[in-house]
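**Student:** To start, I am sharing the structure in question, which I have written as C-alpha cells.
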Amino acid sequence: CSHLVYGYAGIQPDTYKLVPLNENLDIDRSHDNYRTITNLAHKYPNLKALLSVGGDADNDDANKYNLLLESAQARTAFVNSGVLLAQQYGFDGIDLAWQFPRIKPKKVRSTLGSVWHSFKKAFGTTPVDDKETEHREGFTALVRELKQALNAVRPNMQLSVTILPNVNSSVYIDVPSIINLVDFINIDAFDYYTPARNPKEADYASPTYTPQNRNPLLNVDAAVTYFLQNSAPTGKIVVGVSTIGRTWKLDSDSEIAGVPPLHADGPGEAGPYTKTEGLLSYPEVCAKLINPNHQKGMRPHLRKVTDPSERFGTYAFRLPDDSGEGGLWVTYEDPDTAGKKANYVKTKRLGGISIVDLSMDDFRGLCNGEKYPILRAAKYRLQ
Numbered sequence: 071c072s073h074l075v076y077g078y079a080g081i082q083p084d085t086y087k088l089v090p091l092n093e094n095l096d097i098d099r100s101h102d103n104y105r106t107i108t109n110l111a112h113k114y115p116n117l118k119a120l121l122s123v124g125g126d127a128d129n130d131d132a133n134k135y136n137l138l139l140e141s142a143q144a145r146t147a148f149v150n151s152g153v154l155l156a157q158q159y160g161f162d163g164i165d166l167a168w169q170f171p172r173i174k175p176k177k178v179r180s181t182l183g184s185v186w187h188s189f190k191k192a193f194g195t196t197p198v199d200d201k202e203t204e205h206r207e208g209f210t211a212l213v214r215e216l217k218q219a220l221n222a223v224r225p226n227m228q229l230s231v232t233i234l235p236n237v238n239s240s241v242y243i244d245v246p247s248i249i250n251l252v253d254f255i256n257i258d259a260f261d262y263y264t265p266a267r268n269p270k271e272a273d274y275a276s277p278t279y280t281p282q283n284r285n286p287l288l289n290v291d292a293a294v295t296y297f298l299q300n301s302a303p304t305g306k307i308v309v310g311v312s313t314i315g316r317t318w319k320l321d322s323d324s325e326i327a328g329v330p331p332l333h334a335d336g337p338g339e340a341g342p343y344t345k346t347e348g349l350l351s352y353p354e355v356c357a358k359l360i361n362p363n364h365q366k367g368m369r370p371h372l373r374k375v376t377d378p379s380e381r382f383g384t385y386a387f388r389l390p391d392d393s394g395e396g397g398l399w400v401t402y403e404d405p406d407t408a409g410k411k412a413n414y415v416k417t418k419r420l421g422g423i424s425i426v427d428l429s430m431d432d433f434r435g436l437c438n439g440e441k442y443p444i445l446r447a448a449k450y451r452l453q
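In terms of my numbering, the sequence shown is residues 71 to 453.
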C-alpha cells in the first residue's frame with residue numbers, strides 16, 4: 071500500500087471551513103483516529119496518510135459543496151482550515167472526494183452512438199445543476215489554490231481527487247487544467263446501480279465493461295477512458311474497488327434465472343453488522359452463500375454466479391419461495407473479481423487500485439481464513 075486515506079472530514083456550512091465530522095472518533099483523546107492513522111502510516115517510510123473530505127458522508131447540507139466553489143472567500147476559508155488541520159494532525163496531504171450533484175438514474179436500452187460526443191445526452195437530458203460551468207471553474211480554482219497552500223507548508227504535501235460514483239466528470243472535472251496539480255485521480259468506479267437509485271431494477275453495480283443494452287458510460291472502462299482521452303497520464307489514474315455488496319429484494323415478477331437486469335422490489339434486508347438496508351459487507355455476503363457444510367433446515371442461502379467473461383462481476387441470488395422466505399439478489403466484489411480488476415489496471419498501466427473501504431473487507435478472516443482477502447487479491451495481481 072502506498073496511501074492510507076482517512077474518511078471523512080466535512081465542511082462547516084456557515085464558515086466553509088474543513089472540520090472533523092465526528093469529533094469523538096476523529097480528534098477526541100479517547101479515540102483520536104486522526105493521530106492513530108498518521109502515527110501508523112509514519113511507521114512505514116513510503117506510506118502516505120491523506121485526509122479525505124466529502125465522500126458522501128457529509129450530509130447536513132447538500133448545497134454547500136457547490137456554494138463553496140462559487141466564492142473565492144469561501145474557498146480561502148476551506149483551504150486555510152484544511153491545510154491547518156492536516157498539518158496539526160500529521161497528515162501528508164488532502165483528498166477531495168467532492169460531493170458534486172449526481173446524474174439522475176436512467177434506463178438505457180439502446181445503442182447511443184458515439185460515446186464521447188453524446189456524453190451528456192447519455193446521462194440524461196434533465197439537468198442536475200444549472201451552474202455547471204461556474205462549478206467546474208470553481209473546482210479547478212480550488213484545486214489550484216489548495217495545491218499552492220499545501221506546497222507552502224511542505225513541498226511534498228500531496229493532493230488527490232476522488233471521483234464519487236455517478237458524478238459526471240465531463241461536467242465538473244477539467245482534466246487538463248488540474249492533472250498536473252494532483253498526485254492522482256481516484257475513480258470510485260462502483261455503485262452505478264444501487265437499490266437507493268434503482269429500487270425496481272437490480273443490476274451489476276460495478277461492471278468493468280458495458281453489459282448488453284446498458285448505458286455505455288456506467289462502467290469502469292468508460293470512466294478510465296474519459297480521463298485518458300483528456301490527457302491524464304496513466305500512472306495518475308487509480309481505480310476504486312468496493313468491498314460492499316448491494317442487495318435488492320426479489321418478488322414474483324423477478325426473472326427465475328437471476329440474470330440482470332431484473333425486476334426488484336426495493337433494497338434487501340439489513341445485515342447483522344452493517345445494519346443498513348440494501349448493503350452488506352463482504353463477510354456478510356460470504357455468510358449467505360451456499361456452503362456444503364451448512365446444516366439442513368437452515369434458512370435458504372444464496373447461489374453464487376461467477377463471471378468467466380471478466381467483464382461484469384459476480385452476483386448471487388435466492389428466489390422467493392412458498393415458505394415465506396423472501397428473494398434476494400446481491401452484486402458484489404470478491405477476491406476473484408478484485409484480482410481481475412487489478413489485472414485490468416496492470417494491463418492499462420494505470421496507477422493502481424484503491425480499496426473502498428478496509429472496514430468492509432473481511433478483516434477477521436471469516437470467509438476463508440485469510441484476512442483482508444479483497445485487498446490481498448488486488449495486491450497480488452498488481453505485482
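Note that CB positions come from ideal geometry on N, CA and C, so glycine has one too. Just so you know, these numbers come straight off a predicted model, no measurement behind them.
#1: Closer than 6 Å by C-beta to residue 219: which residues in its own chain qualify, once you throw out the five before and the five after it? Chain order, please.
#2: Taking 9 Å as the cut-off, decide whether the C-beta atoms of residue 51 and residue 260 are in contact.
#3: Grab me the residues of residue 383's own chain with a C-beta within less than 8 Å of its C-beta, minus the 5 sequence neighbours each way, in chain order.
#4: What separation, rounded to the nearest whole angstrom, lies between the Cα atoms of residue 433 and residue 440?
#5: The beta strand (DSSP E) spanning residue 233 covers which residue range?
#6: Where does residue 169 land, buried or exposed, given buried means 16+ other C-beta within 10 angstroms?
#7: Tell me the start and end of each unbroken alpha helix (DSSP H) in the stretch 372-431 that is at least 4 residues and wholly inside, in chain order.
#8: According to DSSP, what are the bridge partners of residue 307?
#9: Please report how far the alpha carbon of residue 119 lies from the alpha carbon of residue 76, in whole angstroms.
#10: With a floor of 3 residues, list each beta strand (DSSP E) that falls wholly inside the stretch 77-146, ordered by position along the chain.
#11: Grab the span of the beta strand (DSSP E) containing residue 326 for me, first residue to last.
#12: Per the DSSP calculation, residue 164 is bridged to which residue(s)?
#13: Are there any heavy atoms of the ligand ATP lying less than 8 Å away from the beta-carbon of residue 129, as far as the coordinates show?
#14: Please report the straight-line C-alpha distance between residue 351 and residue 431, rounded to a whole angstrom.
#15: Under 8 Å: do the stretch 283-301 and the stretch 338-347 share three or more Cβ pairs, one atom per stretch?
#16: Do residue 253 and residue 228 have their C-beta atoms within less than 9 Å of each other?
#17: Could you pull out every residue in the same chain whose Cβ sits closer than 7 Å to the Cβ of residue 198, ignoring the five residues on either side in sequence?
#18: How far does the alpha helix (DSSP H) with residue 457 in it reach, from first residue to last?
#19: Below 9 Å between beta carbons: does that hold for residue 139 and residue 79?
#20: Have a look at residue 94 and residue 132 and give me their C-alpha separation to the nearest angstrom.
#21: Spatial neighbours of residue 302 within its chain, please: C-beta separation below 8 Å, excluding the five flanking residues on both sides.
#22: In its own chain, which residues sit with a C-beta less than 8 Å from the C-beta of residue 365, not counting the 5 before and 5 after it?
#23: Quickly, what does DSSP pair residue 443 with across the bridge? List them, please.
#24: Let me check one thing: in DSSP terms, what residues is residue 350 bridge-paired to?
#25: So, for residue 331: in the same chain, excluding its five sequence neighbours on each side, which residues have a beta-carbon less than 6 Å away from its beta-carbon?
#26: Measuring only the C-alpha atoms, how far is residue 134 from residue 322?
#27: Does residue 239 pass the burial test, meaning 16 or more other C-beta atoms within 10 Å, or should it be called exposed?
#28: Nearest CA to the CA of residue 371: which residue from 356, 447, 84, 151?
#29: Here's a check: name, in chain order, each residue in its chain whose Cβ is nearer than 6 Å to the Cβ of residue 236, leaving out the five neighbours to either side.
#30: Would you give the residue range spanned by the alpha helix (DSSP H) that residue 242 belongs to?
#31: Just to confirm the assignment, what range does the alpha helix (DSSP H) spanning residue 246 have?
#32: Can you tell me which of the three DSSP states residue 276 falls into?
#33: With residue 264 as the anchor, note down where its alpha helix (DSSP H) starts and where it stops.
#34: Is it buried or exposed, residue 225, if we count other Cβ atoms within 10 angstroms and call 16 or more buried?
#35: Helix, strand or coil for residue 198, going by three-state DSSP, please let me know.
**Tutor:** Short version:
#1: Result list for residue 219: 149, 153, in chain order.
#2: Since the first residue of the chain shown is 71 and the last is 453, residue 51 is not available in this structure.
#3: Closer than 8 Å at the Cβ level, and outside the excluded window around residue 383, lie 274, 275, 276, 277, 278, 377, 401, 402, 403, 407.
#4: C-alpha separation (whole angstroms): 8 Å.
#5: Residue 233: member of the beta strand (DSSP E) spanning 228-233, first to last residue.
#6: Flag for residue 169 reads buried.
#7: The qualifying runs are 405-417.
#8: Its beta-bridge partners are 255.
#9: Answer to the nearest angstrom: the Cα atoms are 7 Å apart.
#10: Those beta strand (DSSP E) runs which fall completely within the stretch 77-146 and span 3+ residues are 88-90, 118-124.
#11: Neither: residue 326 is in no beta strand (DSSP E) and is coded neither H nor E.
#12: Note: residue 164 sits in a beta bridge opposite 121, 229.
#13: This structure lacks the ligand ATP, and indeed carries no ligand of any kind.
#14: Cα to Cα, the separation comes out at about 7 Å.
#15: Short answer: they don't touch.
#16: Yes; because the gap between Cβ atoms is below 9 Å, this pair is in contact.
#17: If the five residues before and after residue 198 are omitted, its C-beta is found closer than 7 Å to the C-beta atoms of 171, 172, 173, 174, all from its own chain and listed in chain order.
#18: Any property of residue 457 remains undetermined from this structure, which presents the chain solely from 71 to 453.
#19: No; because the gap between Cβ atoms is not below 9 Å, this pair is not in contact.
#20: Cα to Cα, the separation comes out at about 23 Å.
#21: Here the set comprises 245, 249, 255.
#22: Annotation note: pLDDT 45 at residue 365 (below 50); position unreliable, coordinate value reported separately. So no residue of the chain qualifies.
#23: Residue 443 is not bridged to any residue.
#24: Bridge partners of residue 350: 315.
#25: The residues are 271, 273.
#26: Roughly 43 Å between the two C-alpha positions.
#27: Classified as buried, residue 239 has 16 or more neighbouring CB atoms from the shown chains inside 10 Å of its CB.
#28: Comparing Cα positions, the closest option is 356.
#29: Excluding positions up to five away in sequence, the list reads 172, 173.
#30: Where residue 242 is concerned, the enclosing alpha helix (DSSP H) stretches over 239-242.
#31: 245-248 is the extent of the alpha helix (DSSP H) around residue 246.
#32: Assignment of residue 276 by DSSP, reduced to helix, strand and coil, places it in the coil class.
#33: Segment: none, residue 264 is in no alpha helix (DSSP H) and carries neither H nor E.
#34: So residue 225 counts as exposed.
#35: Residue 198 falls in the coil class under three-state DSSP.
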